[in-house]
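Input: a single structure, listed below in structure tokens.
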Amino acid sequence: MNKQLIECVPNISEGRDIAKINAITAVVETVEGVKLLDVDPGKATNRTVITFVGEPENVIEAAFRVIKKAAELIDMSKHFGEHPRFGATDVCPLVPISGITLEEAAVFAHKLGERVGKELGIPGYYYENAATSETRKNLASCRSGEYEGLKEKLVNPTWKPDFGPAEFNESVAKSGAIAISARDFLIAYNINLNTTSTRRANAIAFDIREAGRVKYENGVSGKVILDKNGEPVRIPGKLKAVKGIGWFIEEYGIAQISYNLTNINITPMHIAFDETEKCSIERGLRVTGSELIGLIPLKAMLDAGDYFLRKQQRSLGISEEEKIKIAVKSLGLDDLKPFNPNEKIIEYLLKGGTKKLIDLAVSGFAEETAAESIAPGGGSISAYVGALGVSLGTMVANLSAHKAGWDEKWEFYSDWAVKGQAYKNKLLQLVDEDTNAFNKIIEGFRMPKSTDEEKEARKLAIEKATIYATEIPFEVMETACNSMEVMQAMLKEGMQSSLSDAGVGVLCARTAVVGAYFNVRINAKDIKDRVFAEDILAKGEKIYQKAIAVEKEVIKYINSKM
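The working numbering puts the first residue of the sequence shown at 1, with every later residue one more than the last.
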């Protein structure tokens with residue numbers, strides 16, 4: 001159910017001509033499902049950093065269009081700037097955001113590079129996690145010699161391009177080369193201190209950052225200790241994949257430690273914050289909050305919320321919104337200015353103006369259902385009732401985790417609450433998906449049927465849509481039935497004062513199963529593939545019988561306790 005999202009950050013070799021920059025960035029939004037997040041031009045560097053996000057296939061299509069347009073508008077033979085560069089689109093990294101691994105992102109990087117080489121005739125190299133060899137992992141190595149050295153580099157067997165022509169032809173003389181990669185998400189993150197001393201802030205930065213500090217013979221006033229190669233010996237810092245330096249911010253009147261967290265899978269934001277806080281206290285200082293520069297993936301915020309909830313021995317099975325509040329307050333992200341999750345979290349930015357049933361108020365949902373339209377119907381309502389049911393079970397788990405005297409069992413209840421939240425989220429997603437599935441059938445029936453080809457295409461579209469409209473309520477059945485385990489566990493192990501709440505949760509889940517089963521049956525009868533239809537009906541019957549049996553067992557148990 002998790003949508004795959006990647007971020008793309010192409011750097012183009014134009015930072016001064018706004019008309020050209022606008023023309024290049026405009027092609028991003030011609031690709032459906034891709035959102036342009038940021039355009040950051042630099043005059044001195046004569047370079048613009050573009051940031052956009054979407055699902056992988058859409059993103060690499062947008063990236064291809066950017067690379068193509070940049071090659072059309074930028075002449076590298078006339079380019080000058082402070083930043084190292086060798087192409088109109090100089091670099092194009094793909095960054096996993098959610099639902100996709102770095103290895104999978106590298107596959108998309110290769111797919112993009114292959115197309116750029118074949119269709120645009122632009123030579124290029126894969127670097128970092130997309131690199132084809134160790135010698136090509138480092139971007140600086142791939143770009144060494146820059147544009148001016150490209151003529152010799154392309155014909156050097158050691159530096160034969162990974163894609164595109166191995167010659168400095170007329171087209172390449174204009175476009176230059178490109179470096180494409182898959183890399184980890186980088187977070188620019190500042191931590192606020194209760195001091196104005198840059199020196200003190202730097203001391204903490206050296207304690208924390210991976211590079212640490214240079215080693216001296218007798219303190220910082222002594223000679224630098226050198227290794228056998230004549231390089232300074234360093235005392236490493238506490239955290240890997242962290243770069244950092246102290247500075248004074250006149251605007252805020254405080255010193256900060258400015259970090260680049262280059263791999264948040266190794267060192268996430270909350271660990272950098274906590275370790276900085278410890279080091280600050282040891283040096284007589286205090287962390288007052290922190291500041292996020294740019295955007296952050298949702299998972300990073302939720303992981304921070306979970307981290308601080310664990311420290312408080314609180315249930316992790318709370319809502320996404322509450323977890324983000326915990327993260328913001330624990331990290332002090334609103335110390336210097338308000339922190340708006342809708343403007344800082346990538347996935348929230350992507351939601352845009354998408355209208356969903358689950359975003360409606362309770363009264364609005366009821367009105368939408370009662371209106372003169374055939375959707376939402378019984379399938380969506382079944383999923384919604386199921387979500388309410390498991391929400392009750394999750395509530396009992398959270399209340400039990402926080403009950404006085406049950407502190408030693410908080411993790412047991414937290415685990416059940418986390419399970420409940422997962423079931424709830426899936427059922428909520430299915431509320432809209434059931435309506436979407438039904439709408440696909442309507443779209444099929446509206447297709448033209450004037451010719452034999454059109455009739456055949458229409459028939460196939462209706463069959464495909466009907467199968468999907470049967471699979472979705474079946475998924476509601478499975479999820480709602482499985483969610484009963486949360487309520488059953490809480491009936492026996494949770495707070496007995498909430499016995500009725502868990503019981504109502506089971507009744508809602510049973511209703512969801514039965515209601516979705518009706519939808520499976522009514523849609524399956526129209527499926528031409530009878531093997532598929534009979535199979536899903538047989539599976540649905542088993543789930544239906546199981547839900548009825550659980551309901552009877554639960555009612556019997558509740559009656560015995562009241």
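Glycine is no exception: its CB is placed at the ideal position from the N, C-alpha and C atoms.
Check each candidate in the options and name the one with the smallest Cα separation from residue i.
{"i": "E14", "options": "V53, A26 and H79", "result": "H79"}
{"i": "T470", "options": "N439, I558, Q256 and A177", "result": "N439"}
{"i": "E152", "options": "Y252, I381, T196 and N169", "result": "N169"}
{"i": "G494", "options": "A538, A166 and A397", "result": "A397"}
{"i": "K20", "options": "L36, C8 and N46", "result": "N46"}
{"i": "A205", "options": "S181, H83 and W247", "result": "W247"}
{"i": "E343", "options": "A375, Y259 and L298", "result": "L298"}
{"i": "C142", "options": "K552, E433, Y126 and T394", "result": "Y126"}
{"i": "T537", "options": "Q429, D432, F474 and I558", "result": "The sequence shown places Leu at residue 537, not Thr. Cα-wise, what sits closest to L537 is F474."}
{"i": "I122", "options": "C92, P96, A130 and S171", "result": "S171"}
So, using beta-carbon positions, are residue i and residue j closer together than 8 Å?
{"i": "K215", "j": "R199", "result": "no"}
{"i": "E347", "j": "L94", "result": "no"}
{"i": "S414", "j": "L316", "result": "yes"}
{"i": "L112", "j": "A177", "result": "no"}
{"i": "E7", "j": "T48", "result": "no"}
{"i": "L37", "j": "L349", "result": "yes"}
{"i": "K240", "j": "E210", "result": "yes"}
{"i": "I543", "j": "M477", "result": "yes"}
{"i": "V28", "j": "V66", "result": "yes"}
{"i": "A70", "j": "A88", "result": "yes"}
{"i": "I191", "j": "I296", "result": "no"}
{"i": "V550", "j": "V504", "result": "no"}
{"i": "V390", "j": "L427", "result": "yes"}
{"i": "D432", "j": "I358", "result": "yes"}
{"i": "I324", "j": "P341", "result": "yes"}
{"i": "L388", "j": "C481", "result": "no"}
{"i": "L331", "j": "Y252", "result": "no"}
{"i": "A255", "j": "G393", "result": "no"}
{"i": "L73", "j": "A26", "result": "no"}
How would you write the range of the beta strand (DSSP E) that residue i sits in, first residue to last?
{"i": "E167", "result": "Unbroken run through E167: none, as it is neither H nor E."}
{"i": "E541", "result": "From DSSP, E541 is part of no beta strand (DSSP E) but of the alpha helix (DSSP H) over R530 to K561."}
{"i": "I50", "result": "R47 to G54"}
{"i": "Y216", "result": "Segment: none, Y216 is in no beta strand (DSSP E) and carries neither H nor E."}
{"i": "I180", "result": "I178 to A182"}
{"i": "F111", "result": "The identity of residue 111 in the sequence shown is Lys, whereas the question assumes Phe. It is not in any beta strand (DSSP E) - K111 instead sits in the alpha helix (DSSP H) that spans L102 to L120."}
{"i": "D274", "result": "Taken as a continuous stretch (DSSP letters only), D274 belongs to no beta strand (DSSP E), being part of the alpha helix (DSSP H) at M269 to E282."}
{"i": "A375", "result": "It is not in any beta strand (DSSP E) - A375 carries neither H nor E in the DSSP assignment."}
{"i": "T288", "result": "V287 to I293"}
{"i": "N192", "result": "I187 to L193"}
By the three-class DSSP mapping on this structure, what secondary structure does residue i have?
{"i": "D90", "result": "strand"}
{"i": "M1", "result": "Note on M1: pLDDT 46, under 50, position unreliable in the model; the coordinate value appears next. Three-state DSSP puts M1 in coil, outside helix and strand."}
{"i": "W410", "result": "helix"}
{"i": "G15", "result": "coil"}
{"i": "K344", "result": "helix"}
{"i": "A457", "result": "helix"}
{"i": "R209", "result": "coil"}
{"i": "G33", "result": "coil"}
{"i": "V9", "result": "coil"}
{"i": "G237", "result": "coil"}
{"i": "A63", "result": "helix"}
{"i": "I24", "result": "helix"}
{"i": "E128", "result": "strand"}
If you follow the alpha helix (DSSP H) that residue i is in, where does it begin and where does it stop?
{"i": "A255", "result": "Counting along the chain, A255 falls outside any alpha helix (DSSP H), though it belongs to the beta strand (DSSP E) covering I254 to L261."}
{"i": "L302", "result": "L298 to K311"}
{"i": "G386", "result": "G378 to A401"}
{"i": "E367", "result": "V362 to A370"}
{"i": "S330", "result": "E320 to L331"}
{"i": "L150", "result": "L150 to V155"}
{"i": "S141", "result": "L139 to C142"}
What I want to know is whether the C-beta of residue i ends up closer than 7 Å to one or more non-hydrogen atoms of the ligand SAH.
{"i": "K78", "result": "The ligand SAH is absent from the structure shown, which contains no ligands of any kind."}
Subject >> Length-filtered (4 minimum) alpha helix (DSSP H) runs lying within the stretch 459-541 >> reply: Listed in chain order, they are 499-524.
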